[in-house]
Every structure is written in structure tokens, then in C-alpha cells.
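K.L.:
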Amino acid sequence: MAMLTNNIEKAHQPMNEFEIEEARECFKALDPENKGVTASELAAAMSSLGKSYSDQEIQDMISTADKHGKGKVDFQDFLALLENQRAKGSHESAFEEVFQAMDSDKDGNITVDDIVRYMQSQGVNMTSEEVKEMVHAADVSGDGRVNYEEFVKILTPSRINTKTFI
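See below:
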């Protein structure tokens with residue numbers, strides 16, 4: 001699955017100095033007293049950027065980034081949070097690109113044959129049985145086809161079945 005891995009690596013580049021400085025300015029605006037950014041402050045900032053997250057998503061971001069367990073993030077935590085969100089967006093973009101390439105009839109679903117054909121075009125030989133196992137594990141609807149949401153489950157390494165495309 002070299003193409004997908006390469007697309008993800010190319011899509012996600014580390015923040016450059018200009019972006020870090022912009023993040024620093026944004027962080028100073030959120031936290032002028034340098035006490036750390038709370039979940040409600042982060043939610044307000046994300047909202048002002050046109051990003052909509054649930055309270056739980058914001059809390060998850062804070063708890064993931066908060067290395068000190070204080071319920072707030074400092075600037076270094078904030079940078080890590082931005083990097084995580086950026087990487088997540090890059091991965092989603094690469095996933096969408098590959099899904100579209102596999103969806104031969106453009107009906108929003110891919111079949112075992114679509115996946116096998118795509119993998120062969122990338123020089124990866126997987127048997128229909130191997131692909132059927134992955135499709136079966138992700139196919140919530142049980143129709144033998146995988147929609148985009150189910151496809152992302154196949155690509156997510158945290159699945160119980162660790163056989164993934166990446």
C-alpha cells in the first residue's frame with residue numbers, strides 16, 4: 001500500500017517557522033496571562049476559525065495534548081495539538097483520494113474486486129480471501145460493499161484486527 005503511505009507522508013509536512021510563529025501569536029491571544037488554554041477557550045478559538053467541534057471532541061483534544069494533567073494546554077501542548085489536527089486532516093485527504101481511485105463505478109461503495117484491482121495496480125498482491133476478511137470486518141451494513149466510513153475503519157491501525165492497508 002505504498003501509494004497510500006506515500007500520499008499521507010507527503011500530505012503531512014511539519015510546521016515551518018512561519019506557521020509556528022502564527023501559532024505563537026494565536027496562543028498569546030488565547031492565553032495573554034500565560035496560564036494555559038482551557039477547553040472553553042480552545043472551543044471559542046476553533047469556532048472563530050470556522051471549525052466546529054463537540055464539547056467531547058474539544059475535551060478529548062485537551063486531554064490528549066495536556067501533558068501535565070492540569071486541564072489546560074501550554075504552548076508546546078498547543079503546537080502538538082495543532083500538529084495532530086493537521087495530520088488528521090492530511091490522512092483524511094489521502095484516504096478520500098484512494099477511496100475515489102478504488103470506487104470504479106463511482107457509486108460511493110467499493111467491492112472486494114475494486115480493492116484487489118487497485119492493490120494490483122499498486123504492485124501489491126493480496127488474495128481475494130485476504131481482502132474479503134478486511135471487508136467483512138468493516139462492512140457494518142453486511143452488503144458486501146464498503147462505503148467511505150467503513151473504508152476508514154479498514155485503514156485505521158487501532159482496529160482489533162490489525163491487518164490494514166498501511
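Each residue of the sequence shown is one higher than the one before, counting from 1 in UniProt numbering.
Ideal placement from N, C-alpha and C gives every residue a C-beta, glycine not left out.
Just so we're clear, the structure is a prediction, and the values are computed from it rather than from any experiment.
1. For the UniProt domain "EF-hand" (18–52), which segments carrying the alpha helix (DSSP H) assignment without a break, of at least 4 residues, lie completely within its bounds, in sequence order?
2. Tell me, which residues are paired with ILE110 by DSSP?
3. Roughly how many angstroms lie between the CA atoms of TYR148 and GLY142, to the nearest whole one?
4. Out of curiosity, what's the CA-to-CA distance linking ASP77 and ASN84?
5. State the start and end residues of the unbroken alpha helix (DSSP H) segment that holds LYS132.
6. For ILE115 and GLY144, what's the separation of their Cα atoms in angstroms?
7. Give the secondary structure of VAL73 by DSSP, where H, G and I count as helix, E and B as strand, and everything else as coil.
8. Which same chain residues end up closer than 6 Å to ASP74 when comparing Cβ atoms and leaving out the 5 residues on each side of it in sequence?
9. Whether or not the stretch 50–58 and the stretch 91–101 are in contact is what I'm after, with contact meaning three or more pairs of Cβ atoms, one per stretch, closer than 8 Å; do they touch?
10. Looking at the structure shown, is LYS67 part of a helix, part of a strand, or coil, going by DSSP?
11. Output yes or no for whether 7 Å exceeds the beta carbon distance between ILE110 and VAL146.
P.N.:
In brief:
1. 39–48
2. VAL146
3. 14 Å
4. 10 Å
5. 128–138
6. 12 Å
7. strand
8. GLY36
9. no
10. coil
11. yes
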